[in-house]
Amino acid sequence: MKEVQSWILDTNVFVSGLLNPAGYPGRLLDAVLAGALRLTYADRIAHEYREVLACPKFGLPPELLETVLHELRNQDAVAALPQAAELPDPDDLPFLEVAA
């Protein structure tokens with residue numbers, strides 16, 4: 010049986026995948042939904058996904074948002090390891106913590 014790769018998706022990639030399913034980010038999300046890839050995240054990342062996806066500017070229907078968040082719960086939630094790193098974008102720290 011082939012091992013499924015685990016990926017961490019930045020919020021921009023996650024949102025882009027929903028807004029443009031035909032693009033590369035959309036293809037990544039399709040692979041996650043098909044079980045070809047696993048999405049790895051921690052609570053802070055899930056919260057950020059939820060918060061950003063709910064922004065009215067994206068106009069995502071509430072039922073799509075609920076479906077996406079339900080699918081997210083079927084992925085690999087992990088405990089993030091706190092990191093004392095200084096990053097150019099401090100908002101990237103939760104993603105580094107999951108990767109560590």
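All you need for my numbering is the position in the sequence shown, starting with 1, plus 9. We put the beta carbon where it would ideally sit given N, CA and C, even for glycine. Computed from a predicted model, the values in this text were never measured in an experiment.
Between residue 15 and residue 47, the C-beta gap is smaller than 8 Å, which places the two residues in contact. When DSSP states are grouped into helix, strand and coil, residue 86 belongs to the strand group. Only residues of its own chain outside the window of five on either side were considered, and among them 51, 53, 54, 57 and 89 have a CB closer than 8 Å to the CB of residue 103, listed in chain order. Between residue 18 and residue 37, the CB-CB gap stays under 8 Å. Excluding sequence positions up to five before and after residue 78, its CB lies within less than 7 Å of the CB of 59, all in the same chain and listed in chain order.
In the three-state reduction of the DSSP assignment, residue 46 falls in the strand class, which pools E and B. In this structure, the straight-line span from the alpha carbon of residue 29 to that of residue 94 is close to 32 Å.
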